[in-house]
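**Student:** Residue numbers (the working numbering), protein chains in the order written: chain A, 8 to 244; chain B, 8 to 244. Think of the CB as a built atom: it goes at the ideal place given N, C-alpha and C, for glycine as much as any other residue. Here the structure is a predicted model, which means the values were calculated and not measured.
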DNA sequence: CTTGATCGTATTGTTAACAATCATGTCAAC
DNA sequence: GTTGACATGATTGTTAACAATACGATCAAG
């Protein structure tokens, strides 16, 4: 049985794609920044894209909105979320609360295979970055943080991290300088060193530093909501 | 405009209750342990209870399942979740990662009114406890942790905490000794002292200690899944 | 040239009927 | 007396048609 979501023993034997898969796919597309903030997600288009009925798309969009990755506007449809500066700060604050602990737990619980996987992952990150495969580089960069949560073996925090990483991609898309890379993979490398040294505290500290670096590379200046709303609204896409 | 959920400007002017409200109500009932783990939530019953159509109930149940407060079993309906010992440990691990930070931030950001509200809240807790109003005492005890997240002014962590507090009530219902109280309100009192002293670090430390106390009061011993499933299954209600 | 209104179209939201699945109670067989 | 099969009833899941709302274009007025 392939990783049943939630515990729903759906009758999705091989016929159709499940809501969780659709959610996951859209998460991925958002992380890779192929779905920019504000993008309209029309039901009919998604039905065609995933080859499923409208009901399933509707449920998927509801799930996505409950994780604040899409915004539902009554009678107007679903749009990829456009986090405000305030929301951006909240996301980073939550990540700063969670991820140092996750890093520490991951170090404590990592097996030999995990270290191998992390090393292989960093290699892929490097390559994607070097070859200018931007989408993949971004995805792998986020994936690194997800992997730590997986190694920490905590489903609750893993789910939280998937949401936070996805929203972070949206935030970088809005507030990040277009030229600057999202994660300096050097940081990830340093964290791997802490893993090899089995130094949980060092991993936690490096993670804190890493997140602070990312946040400070953004322009979350207190733009007064009045004018900014118009600007970011019309700058959509 | 009364606190629009998500940002949906629903056409729920005064006619009908929104999904978010239903979710909130069920959260509350679970926190108060009036909906024990495993309770069946039939659609027709909920339709009648809330006076809404089936569609709305269905969406509410989907949202509740996405927060792991109810389990959806295909073709069999929705049931209040029964967290496993493993899930219970994960919930506490997540709380231990989040709440000390929340406590520290709350201390930093609390205004004079917040201190008054907290003091008033503690008084209500004491009274409910003293008067043996068990449901209310439990609800207030959980509410205290929610209030800290509100004072910390972080919507992301607030949402996470609502989920975690609710799931904690389920966990205590399953693994807690029936006689013991959920939160010793003395702990809450001590945390309030830290607020008055504006000592964020103390609040964080007290919170850590508080959570550890609660977890250690539970019986999360590694019961082999085989037998426990039957026991907890028949112990339903 | 811009502003405002009206209509047609397209998309979303809801309802109700239908199909499928599972639980319950009865009955026969061992 | 217990176990298995079977039919009935109830509950969930899906589909499709319908209603409602918002968008876009066209056009007239200032």
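1) Indicate whether the contact test is met: 3 or more Cβ pairs, each with one atom in the segment 146-156 of chain A and one in the segment 125-132 of chain A, closer than 8 Å.
2) If you draw a straight line from the C-alpha of residue 138 of chain A to the C-alpha of residue 70 of chain A, how long is it?
3) Identify the continuous beta strand (DSSP E) that holds residue 85 of chain A and give its terminal residues.
4) Determine whether the Cβ of residue 231 of chain A lies closer than 8 Å to any Cβ atom of chain B.
5) Would a check of beta-carbon distances place residue 154 of chain B closer than 8 Å to chain A?
6) Residue 49 of chain B: buried (16+ other C-beta within 10 angstroms of its C-beta) or exposed?
7) Kindly identify the DSSP beta-bridge partner or partners of residue 163 of chain B.
8) Give me, in chain order, the residues of the same chain whose beta-carbon lies closer than 8 Å to that of residue 213 of chain A; leave out the 5 immediate sequence neighbours on both sides.
9) Would you please verify whether the beta carbon of residue 56 of chain B is less than 8 Å from any beta carbon of chain A?
10) Around the Cβ of residue 100 of chain A, are there at least 16 other Cβ atoms within 10 angstroms (buried) or fewer (exposed)?
11) Say whether the segment 86-99 of chain B touches the segment 87-101 of chain A, bearing in mind that this needs 3 or more beta-carbon pairs closer than 8 Å, one atom from each stretch.
12) DSSP on residue 132 of chain B, reduced to helix/strand/coil?
13) Just to confirm, are residue 55 of chain B and residue 142 of chain B a CB contact at a threshold of 8 Å?
14) So the candidates are A:149, A:191, A:176; which of them puts its Cα closest to the Cα of residue 165 of chain A?
15) From the beta carbon of residue 69 of chain B, is the nearest beta carbon of chain A less than 8 Å away?
16) Any chance the CB of residue 194 of chain B is under 7 Å from a heavy atom of the ligand ATP?
17) Any beta carbon from chain B within less than 8 Å of residue 173 of chain A's own beta carbon?
18) DSSP three-state label for residue 15 of chain B, please.
19) What residues in the segment 212-231 of chain A have a beta carbon less than 7 Å from any beta carbon of chain B?
20) Go to residue 78 of chain A, then tell me how far its beta strand (DSSP E) extends in each direction, as first and last residue.
21) Would a check of beta-carbon distances place residue 66 of chain B closer than 8 Å to chain A?
22) Let me check understanding here. Comparing Cα to Cα, which of A:182, A:51, A:114 lies closest to residue 210 of chain A?
23) To the nearest angstrom, how far is it from the Cα of residue 136 of chain B to the Cα of residue 51 of chain B?
24) Could you work out which residues of chain B lie near residue 163 of chain A, taking near to mean beta carbons separated by less than 7 Å?
25) Look up residue 225 of chain B in the DSSP assignment and say whether it is helix, strand or coil.
26) Indicate the three-state DSSP secondary structure (helix, strand or coil) for residue 42 of chain A in the structure shown.
27) From the DSSP output, which residues share a beta bridge with residue 47 of chain B?
28) Just reading off the alpha helix (DSSP H) that residue 114 of chain B is part of, what are its end residues?
29) Determine the burial state of residue 130 of chain B: buried for a count of at least 16 other Cβ atoms within 10 Å of its Cβ, exposed for fewer.
30) Based on the DSSP output, what are the partners of residue 60 of chain A in its beta bridges?
31) When we look at the beta-carbon of residue 168 of chain A and count the other beta-carbons within 10 Å, is it buried (16 or more) or exposed?
32) Only counting the same chain, and skipping five residues up and downstream in sequence, which positions put a Cβ closer than 7 Å to that of residue 172 of chain B?
33) Answer with buried or exposed for residue 184 of chain B, where buried requires no fewer than 16 other C-beta atoms within 10 angstroms of its C-beta.
34) Please report the Cβ distance between residue 178 of chain B and residue 225 of chain B, rounded to the nearest whole angstrom; I am assuming they are in contact, meaning their Cβ atoms lie under 8 Å.
**Tutor:** For this structure:
1) yes
2) 35 Å
3) 84-87
4) Legend: pLDDT at residue 231 of chain A = 46, less than 50; position of this residue unreliable, value from coordinates given subsequently. Taking Cβ atoms only, chain B never reaches closer than 8 Å to residue 231 of chain A, which makes this a no.
5) no
6) exposed
7) None, per the DSSP bridge assignment.
8) 110, 194, 197, 198, 201
9) no
10) buried
11) no
12) helix
13) no
14) A:149
15) yes
16) This structure lacks the ligand ATP; in fact it carries no ligand of any kind.
17) no
18) In this predicted model, residue 15 of chain B has a pLDDT of only 36, less than 50, meaning its place in the structure is not dependable enough to derive any value.
19) none
20) 77-80
21) yes
22) A:114
23) 35 Å
24) 97, 98, 101
25) strand
26) coil
27) B:86
28) 92-116
29) exposed
30) None, per the DSSP bridge assignment.
31) buried
32) 38, 149, 152, 153
33) exposed
34) 7 Å
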